[in-house]
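*Asks:*
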Amino acid sequence: MLATREQLVKELNTCPEGKKLTEVELEILPEGALELLPSEHPQLPNSRMVTSIAMGGFADIYKAQMKSKSEKGNGRTVVVKVFRDAHLKYKGSPKAKAEYINGLRREYAVWGLLNHKNINLLDGLVIHRDLPSPGLVSEFKKHGDLTEFTRNRGSYDRLHMGRGVACGLGYLHSNGVIHGDLTVLNILVDEETRADGSVTFFPLITDFGKSRLMGEDGFTTKAPNRAMFHLPPELIDHDPAEGDPVTNKVLTFASDVYSFALVLLEIITGKVPYSQENMLPRKIPTAITESALRPTLAKYPVLDPSYEFCWPILEACWKGKKEDRITIQEAHDHLCNPGSEWKASQNAEKN
3 MLATREQLVK
13 ELNTCPEGKK
23 LTEVELEILP
33 EGALELLPSE
43 HPQLPNSRMV
53 TSIAMGGFAD
63 IYKAQMKSKS
73 EKGNGRTVVV
83 KVFRDAHLKY
93 KGSPKAKAEY
103 INGLRREYAV
113 WGLLNHKNIN
123 LLDGLVIHRD
133 LPSPGLVSEF
143 KKHGDLTEFT
153 RNRGSYDRLH
163 MGRGVACGLG
173 YLHSNGVIHG
183 DLTVLNILVD
193 EETRADGSVT
203 FFPLITDFGK
213 SRLMGEDGFT
223 TKAPNRAMFH
233 LPPELIDHDP
243 AEGDPVTNKV
253 LTFASDVYSF
263 ALVLLEIITG
273 KVPYSQENML
283 PRKIPTAITE
293 SALRPTLAKY
303 PVLDPSYEFC
313 WPILEACWKG
323 KKEDRITIQE
333 AHDHLCNPGS
343 EWKASQNAEK
353 N
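Under our numbering, think of the first position of the sequence shown as 3, with each following residue one higher.
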């Protein structure tokens with residue numbers, strides 16, 4: 003496990019002399035290591051057709067069985083994320099395809115180095131004849147993302163889930179890594195069986211396409227260029243004449259902390275951030291930046307009175323100025339010790 007930022011940077015520097023950090027690349031897995039699994043169609047129970055099992059905004063997800071030389075039995079189930087229509091960008095051009103593959107390997111290199119209980123592991127990149135384009139291989143989790151899990155499960159230990167997200171994000175920050183796109187859709191759910199036979203659920207942060215090393219040359223992290231209410235005020239540059247807000251500022255640890263607050267809000271209230279506001283969605287970004295709009299306890303009541311101690315944590319995480327926000331470690335400590343006294347960090351360098 004990578005324990006310090008220095009170790010992570012050292013790992014990234016384990017490459018041929020003269021190679022830049024931006025040239026560190028994700029491993030390409032052998033095609034033979036993966037067997038794509040056919041989709042389960044109720045109307046075609048015996049079909050061997052390989053199609054995606056899920057579709058996101060920009061990618062399709064395929065299910066596969068993966069086996070390494072060291073693994074016995076049938077191996078383990080993984081998912082392969084393929085960015086939709088990517089093959090159209092390099093169709094008929096081997097050079098363009100190679101550039102696309104190299105870009106993916108660099109973009110997701112940091113994720114491939116992470117190892118923590120609350121981080122979904124990335125195995126590597128696969129180029130498979132039955133896939134439309136190269137795909138990212140990661141562990142399959144049957145419960146899906148946090149939104150899907152909550153919809154299907156309903157009741158679970160929500161404080162434990164929130165603490166797990168904070169723990170995983172704390173691991174990232176302690177190693178100098180910024181996630182950059184933390185939402186409930188980028189948090190998977192796994193389970194473990196305790197000694198007494200009871201089952202507990204815990205979160206796995208995933209999808210690190212925007213993640214980078216803080217302060218390393220060539221690893222300046224840019225915010226995702228799309229409208230996201232989980233982004234902090236300093237990342238929203240909104241021009242009403244342009245419609246949707248765009249983001250073009252540099253991400254920080256503090257921007258992750260702000261996003262964590264909205265994730266925690268959704269966990270303990272069951273409500274999507276800003277869904278209870280009496281205004282058009284397109285006006286919300288302006289209200290966040292110009293009127294300091296934030297969720298309130300009145301509009302977003304917690305699901306259990308015992309969660310109310312979390313509200314000061316939320317307020318300390320989503321403060322308007324990034325230097326005024328607490329660190330994720332402080333948020334985690336307070337979540338684990340309700341009622342404990344703490345002071346918000348005023349050190350901008352920590353954020």
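Think of the CB as a built atom: it goes at the ideal place given N, C-alpha and C, for glycine as much as any other residue.
Return the first residue and the last residue of the alpha helix (DSSP H) that T149 is part of.
*Replies:* 148-155
*Asks:* Taking C-beta to C-beta, are E194 and R108 nearer than 7 Å?
*Replies:* no
*Asks:* If the criterion is Cβ atoms closer than 7 Å, does the pair I30 and L127 meet it?
*Replies:* yes
*Asks:* Go ahead and pull the three-state DSSP assignment for E279.
*Replies:* coil
*Asks:* What does the alpha-carbon distance come out to for the pair T271 and C312?
*Replies:* 11 Å
*Asks:* For S342, collect the residues of the same chain with a Cβ closer than 8 Å to its Cβ; drop the 5 residues on either side in sequence, then sort them by chain order.
*Replies:* D335, H336
*Asks:* Grab me the residues of A294's own chain with a C-beta within less than 7 Å of its C-beta, minus the 5 sequence neighbours each way, in chain order.
*Replies:* Excluding sequence neighbours, A294 sits near G322.
*Asks:* Based on Cα-Cα distance, which residue from N76, K143, P134, N122 lies nearest to E37?
*Replies:* N76
*Asks:* From V84, E33, W113, pick the residue whose C-alpha is nearest to that of F210; which is it?
*Replies:* W113
*Asks:* At 4 residues or longer, and completely inside the stretch 104-163: list those alpha helix (DSSP H) runs for me, N to C.
*Replies:* 111-115, 148-155
*Asks:* Distance, Cα to Cα, P340 vs S70?
*Replies:* Taking the straight line joining both Cα atoms gives about 44 Å.
*Asks:* Measure the alpha-carbon distance for L206 versus T254 and round it to whole angstroms.
*Replies:* About 21 Å.
*Asks:* Assuming Y309 is part of the alpha helix (DSSP H), what are its boundary residues?
*Replies:* From DSSP, Y309 is part of no alpha helix (DSSP H); its letter is neither H nor E.
*Asks:* Which class does P205 belong to by DSSP, given the choice of helix, strand or coil?
*Replies:* Secondary structure at P205: strand, using DSSP grouped into helix, strand and coil.
*Asks:* Smallest Cα separation from L39: which of E33, V81, P32, R86?
*Replies:* V81
*Asks:* For the stretch 144-154 against the stretch 286-305, do three or more pairs of beta-carbon atoms, one drawn from each stretch, fall closer than 8 Å, so that the two count as touching?
*Replies:* no
*Asks:* Using a 10 Å radius around the Cβ and a threshold of 16 neighbouring Cβ atoms, would you call T298 buried or exposed?
*Replies:* exposed
*Asks:* Once DSSP output is grouped into helix, strand and coil, what is the label at M78?
*Replies:* Note that residue 78 corresponds to Arg in the displayed sequence, not to Met. Strand, per DSSP.
*Asks:* In the DSSP assignment, what are the bridge partners of T195?
*Replies:* V201
*Asks:* Identify which residue in A111, L233, R86 has its Cα closest to the Cα of V252.
*Replies:* L233
*Asks:* Expressed to the nearest angstrom, what Euclidean distance is found between the alpha-carbon atoms of A35 and M68?
*Replies:* 6 Å
*Asks:* Any idea which residues DSSP pairs I189 with across the strands?
*Replies:* Note: I189 sits in a beta bridge opposite I207.
*Asks:* With a threshold of 16 other CB atoms inside 10 Å of the CB of K97, please say whether the residue is buried or exposed.
*Replies:* exposed
*Asks:* Can you give me the start and stop residues for the beta strand (DSSP E) that R65 sits inside?
*Replies:* The amino acid occupying residue 65 in the given sequence is Lys; Arg does not appear at that position. From DSSP, the beta strand (DSSP E) with K65 extends over 61-68.
*Asks:* Roughly how many angstroms separate the alpha carbons of K83 and L264, rounded to a whole number?
*Replies:* 26 Å
*Asks:* Taking Cβ positions, are H89 and Y173 nearer each other than 7 Å?
*Replies:* no
*Asks:* Indicate the three-state DSSP secondary structure (helix, strand or coil) for L295 in the structure shown.
*Replies:* coil
*Asks:* Could you check what DSSP says for E101 in three-state terms: helix, strand or coil?
*Replies:* helix
*Asks:* Which residues in the same chain as D258 place their Cβ atom closer than 8 Å to its Cβ, once the five residues preceding and following it in sequence are excluded?
*Replies:* L171, L174, H175, I180, H181, G182, L184, I330
*Asks:* Measure how close the beta-carbons of V191 and L148 come, nearest whole angstrom, since I'm counting them as under 8 Å.
*Replies:* 6 Å between Cβ atoms; contact.
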